Structure formats: structure tokens, C-alpha cells
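Participant:
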Amino acid sequence: MNSIQQNIEQITSQIEAIQKKCGRPRDSVQLLAVSKTKPVEAILEAANAGQVAFGENYVQEGADKVAYFNDHYPNLPLEWHFIGPIQSNKSRHVAGNFDWVHTVDRDKIAQRLNDQRPEGLPPIQVLIQVNTSGESSKSGTSDSDIFELAALISSLPNLTLRGLMSIPANVSDYQSQLVAFKQLAELKDKLAARYPELNLDTLSMGMSGDMQAAIEAGSTMVRIGTAIFGARDYSNKN
Numbered sequence: 001m002n003s004i005q006q007n008i009e010q011i012t013s014q015i016e017a018i019q020k021k022c023g024r025p026r027d028s029v030q031l032l033a034v035s036k037t038k039p040v041e042a043i044l045e046a047a048n049a050g051q052v053a054f055g056e057n058y059v060q061e062g063a064d065k066v067a068y069f070n071d072h073y074p075n076l077p078l079e080w081h082f083i084g085p086i087q088s089n090k091s092r093h094v095a096g097n098f099d100w101v102h103t104v105d106r107d108k109i110a111q112r113l114n115d116q117r118p119e120g121l122p123p124i125q126v127l128i129q130v131n132t133s134g135e136s137s138k139s140g141t142s143d144s145d146i147f148e149l150a151a152l153i154s155s156l157p158n159l160t161l162r163g164l165m166s167i168p169a170n171v172s173d174y175q176s177q178l179v180a181f182k183q184l185a186e187l188k189d190k191l192a193a194r195y196p197e198l199n200l201d202t203l204s205m206g207m208s209g210d211m212q213a214a215i216e217a218g219s220t221m222v223r224i225g226t227a228i229f230g231a232r233d234y235s236n237k238n
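According to UniProt numbering, the sequence shown is numbered sequentially starting from 1.
#1: Is Glu186 helix, strand or coil by DSSP?
#2: What residue range is occupied by the uninterrupted alpha helix (DSSP H) comprising Arg162?
#3: From Val179 to Val171, what does the alpha carbon distance come to, in whole angstroms?
#4: Would you tell me roughly how many angstroms separate the C-alpha atoms of Ile167 and Asn75, rounded to the nearest one?
#5: Are Ser204 and Leu127 closer than 7 Å when you measure CB to CB?
#6: Kindly indicate which three-state DSSP category Glu96 falls into: helix, strand or coil?
#7: Under three-state DSSP, which class holds Val29?
#8: Tell me the residue span of the alpha helix (DSSP H) that contains Leu203.
#9: Between the stretch 21-28 and the stretch 40-51, are three or more C-beta pairs nearer than 8 Å?
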């Protein structure tokens, strides 16, 4: 059984190989380690292996981990990303603990994150989540609504819009994966054309099963969990 460090090295090598195959520059894709349900000891092992960015789906669990590392390892340069759905009654905890939020999909959440960001902290780096598959079970704004939402986010001083995020339909066919990811990349290009003053440099898309298609389509951040940390235990999620 591989260690977390070995898993990170293997995935990093895979990302580098895909980048090269697609003609993309080295280090153009960031690895986001999805650490939801995993103990702080596993995150520390990953951090000691050089991993910086960690993604959490559950608000209280993520906030507790941020507090733990702030208290016990304040010199570790960790970057915390919230990648789960945001309920209005928990937005304050997201605003107070996370550096990035990938799942802003409506005006109300954007406004609450801005208003609840503690004074003295830098702006939250924000991605608009787009429901590219049209599945009712998935969060995300529609293609047509991203422009108005982007305009609002760009007007809020405690938020910085960086790009788009999606969780496409779970399909194994490579071409179908590629089509879905290219759709999001094209949306980002349209958004950048309408708001050229914004630094829209991030596409958060791709997981273990569709990472190659995501990178070929232009992903700049892939979200990998089980392949790094092993199978998850959901019994204590919150």
C-alpha cells in the first residue's frame, strides 16, 4: 500500500505527463487534495510531502481543521478551499476560514460571504459553480446567469472572482468528458471577454476518473481525493 507521499508523487507525475502530451506548460495545473472526512494526521503527512492546497466539503469539519493547523502548525503555508455546497446559515463559517470558495452559485451567497468576511483577512478567491450537465441533483448556476453573478462578485470588495468550477455528469467515455469540460472552458472565455478587467485564470474541473480530459480542455486545478488519501469514511460528516 502506497504512502500519501507516494500517491502525491504518482499523481503529480501523471499531471505532468498529461500536460506534456497536450502541449501545455509545466506547472499549469494545480493539484487540490480533497481531504474531506480525512484526519488531520493525513493532511499533515500530505503537507510534509509538499502539498499546499486542500479542499473541504463540509463546513464545520473544514473549519475545525483550519483552526487545528492555525493553532498547531502556524508556519505551514496551507491554502484552504471550500468545495461543497453552501447553506446560508453556514456561510459565516466559510467566510471566516477559507481562502478559496469554489461553489458560489447565487447572489445571496456571494453577498453573505462578502459581508461576513472578517476584517483584516484578504479577499476570498471565488469561483462560480456552473451546472453544465443540467442535473437537478447538482448545484450550480446556469450558463446564462453567470454574467450577472460575475458582475455582482466583481463589485464586492471582500471577494475576488478567479474563474469557474463544475462537476459534470459522471461518464466514462472520454469524448463525452471532453465535450463537457470544453463547454466550461468556453464559458470562461466568454466571461473573460465581457469582463477583460478581471483576472479570470482558474478552471476547477477534473477528478481522478476524468483528469486527462479536464486538463486537455484547459483545467488549471484538478480535485483529487481518494487517490491520495484512500477510501473515505462518511460516518462522521457534517
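All residues carry an ideal CB built from backbone N, CA and C; glycine is no exception. Note that the structure is a prediction, hence the values are computed from the model and not measured.
Facilitator: Let's see:
#1: helix
#2: No alpha helix (DSSP H) holds Arg162; the beta strand (DSSP E) holding it covers 159-165.
#3: 11 Å
#4: 33 Å
#5: yes
#6: The sequence shown places Gly at residue 96, not Glu. DSSP places Gly96 in helix when its eight states are reduced to three.
#7: coil
#8: Not the alpha helix (DSSP H): Leu203 falls in the beta strand (DSSP E), residues 202-204.
#9: no
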